[in-house]
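Here's the structure, in structure tokens; my notes come after.
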Amino acid sequence: MTTALELVSHGHDVVVFEKNAGIAQEASFATSGFIGPGLMHSWTVPGMASKVIRKMVFGSEAYAFHGLKNIPINWLWHWILACKNSDHKLKIESLQRLAFYSQEVMKGITEQYGFQYELSQGSILICRHEKDMKNFQLQLDLMNDSGISFKKISQKETRDLEPALSDETSFFGSILFPNDQIANCRQFVLMAKHQAALLGAEFRTGQDVLPLASNASKQIQVTGQKNESFDHIVICAGIHSKTILKNLPIKLPSLAVYGYSLSAAVRELIDAPVYGVVEAKNHISIARTGQRIRVSGITEIGLNKKPANECIQLLYKTLNDWFPGAAKTHESVQVWRGTRDTITDGLPILGHSGVPGIWLNTGHGNHGWASSCGSARAIADMVSGRGCEVDLKGLGIERF
């Protein structure tokens, strides 16, 4: 949706094809809501592969693994190699740079169009143990080099900022990211669609796009309809991008990695978090958006027919550990599972595909919301023949 808004703002005639009956029904529906570079992390830092595989083999509440058949061996091998690669610092820098730029673009869009989407300021990474903070030191060093604001704070300072934190749960300390934000992704998307439509974009919902043909790559065909030609096609369909491109010489090394969230009404504001809070150990977040508390996290590979109960219970447990009584968890709790389109090296794929007229904005993993506005602006600039305002080095399809 941000891609459509940027392209129509750049003066293009835009048609959006959406397979669902409405927008924001999949990956944008109930995300954690975190925006900004503070909590950007790569799936391919050294030691990540062994850590994840060990937890999947021996069991972990924060990881759900439903059989090796669900992980293509080729994807697994290249992911392991990426985790051993010495360029992990450059990857994190790329993610932070894109997130920082995206936040600036989002700010401009918000001011320009008067969007309101339950925006709040600041996030805190809580470290139960000293080693949790040490594990995050690489990101902090890179943020320090880039001028991104953060502050290490003690347990007492954390409780001063978050007075509702449970007294029964102790921890080593925290990291405050004052310029990160929390917001309602779905609400933003709906506003973006409305604004794009006002500017002339056309939306066709309930349109299941067939894979692009190798001999007519700039033609869109929807089931039961004739082909339709376009000057440019931007593929920004998340995990479905791979299927749309399967007939073209564009191979996306992506894997569906599922995450969970549960949302419940705020019981008492005095018991709710002020900032967006993330527990470092399991990387589970707790945030208030409007009158809801949302708890998000989990890494699940291989889709079960129904959500894994142990994953959901960990979200409840984490909420109770830190903010007991903050949410009405005994009534009308919304449990959601969304798909993260994860690339082997942990970075998105942005830019021209190598096939004339085909552009890529996909593979953002769990950073799609935080990177969306910047990615869309960059794509629109490139399609329009302009120079990008953000350095996209290392994010193109050519790296594969």
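As numbered in our numbering, the sequence shown has no gaps in its residue numbers, which increase by one up to the final residue, 1057.
Idealized CB from N, CA, C, for every residue including glycine.
Could you check which residue in the options has the C-alpha nearest to that of residue i?
i	options	result
Gly982	Ser823, Pro906, Ile692 and Leu1017	Ser823
Ala1027	Gln773, Asp1002, Leu755 and Leu799	Leu755
Phe674	Gln948, Ile927, Ser1041 and Ser898	Ser898
Ser666	Ala858, Asp789 and Ser751	Ala858
Asn836	Tyr758, Asp817, Phe772 and Lys746	Tyr758
Arg949	Asn792, Ile730 and Tyr774	Tyr774
Leu747	Gly1044, Met800 and Gln864	Met800
Leu847	Gly1042, Phe686, Ser886 and Asn1018	Phe686
Val672	Cys1045, Gly1031, Thr946 and Gln864	Gln864
Cys1045	Gly704, Ser806 and Ser1032	Ser1032
Ala921	Asn939, Gly947 and Glu761	Gly947
Cys740	Met658, Pro703, Ile710 and Glu768	Pro703
Thr1060	Ile728, Lys708, Leu926 and Ser707	Because residue 1060 is not part of the residues shown, which for the chain are 658 to 1057, the question remains open.
Asp802	Gln760, Val762, Ile749 and Thr767	Ile749
Met658	Val1047, Arg1043, Cys1030 and Glu825	Cys1030
Do residue j and residue i have their beta-carbon atoms positioned less than 9 Å apart in this structure?
i	j	result
Leu902	Ile958	no
Gly1053	Ile1006	yes
Ser777	Gly933	yes
Gly1014	Ile890	yes
Ala721	Thr956	yes
Phe860	Ala849	no
Leu795	Val1040	no
Arg1004	Ser743	In the sequence under discussion, the amino acid at residue 1004 is Leu, which differs from the Arg named in the question. No, the pair does not count as a contact, with Cβ atoms beyond the cut-off.
Trp979	Leu919	no
Thr660	Asn1018	yes
Arg785	Ala681	no
Gln812	Phe829	yes
His669	Thr701	no
Gly1020	Thr688	no
Gln753	Pro694	yes
By DSSP, does residue i sit in helix, in strand, or in coil?
i	result
Gln682	coil
Tyr774	coil
Asp1038	helix
Ser699	coil
His1009	strand
Ala1033	helix
Glu675	strand
Ile896	helix
Arg994	strand
Ser620	The displayed coordinates of the chain run from 658 to 1057. Any statement about residue 620 would go beyond what the structure contains.
Asn1023	helix
Ile664	In the sequence as presented, Ile is not what sits at residue 664; that position holds Leu. Here Leu664 sits in helix by DSSP.
Ile1000	strand
Val891	strand
Ser689	coil
Ser989	coil
Ala821	coil
Ala719	coil
In chain order, what residues of the same chain have a beta carbon less than 7 Å from the beta carbon of residue i, not counting five sequence neighbours either side?
i	result
Asn904	Pro868, Leu869, Ala870 and Ser871
Leu1049	Leu1007, Gly1008 and Ala1035
Trp732	Pro910, Leu912 and Thr1001
Gly679	Thr862
Leu782	Leu696, Phe793, Ser831, Ile832, Val935 and Ala937
Glu819	Ile781, Pro930, Val931, Tyr932 and Val934
Gln882	none
Ser886	Lys875 and Gln876
Tell me which same chain residues have a C-beta within less than 8 Å of the C-beta of residue i, skipping the five on either side of it?
i	result
Glu683	Asn677, Gly895, Gly995 and Thr996
Arg924	Gly982, Ala983, Ala984 and Lys985
Trp1016	His889, Ile890, Val891, Ile892, Gly1008, His1009, Ser1010, Ile1036, Met1039 and Val1040
Ile941	Ala719, Val935, Val952, Ser953, Gly954, Ile955, Leu971, Leu972 and Thr975
Ser874	Ile890, Leu905, Val1012, Pro1013, Gly1014 and Ile1015
Ile969	Tyr917, Leu919 and Val992
Any beta carbon from chain B within less than 9 Å of residue i's own beta carbon?
i	result
Gln882	The chain inventory of the structure shown lacks chain B, comprising one protein chain alone.
Residues in the same chain with beta-carbon distance under 6 Å from residue i, minus the five sequence neighbours each way, listed in chain order, please.
i	result
Ala944	Gly690, Ile839, Gly933 and Arg951
Ser806	Pro835 and Asn836
Asn841	Tyr774, Glu775 and Thr946
Ala706	Ile737 and Cys740
Quiz item: Can you give, in chain order, each stretch of the alpha helix (DSSP H) that sits fully within the segment 920-983 and has at least 4 residues?
Solution: Within the segment 920-983, the runs of alpha helix (DSSP H) that reach at least 4 residues and sit entirely inside it are, in chain order, 966-979.
Practice problem: Could you tell me which uninterrupted alpha helix (DSSP H) segments, each at least 4 residues in length, are contained entirely in the segment 828-884, listed from first to last along the chain? | Solution: 842-855
Quiz prompt | Completely contained alpha helix (DSSP H) runs for the segment 728-816, where each covers 4 or more residues | solution = 730-741, 745-770, 787-792 and 794-803
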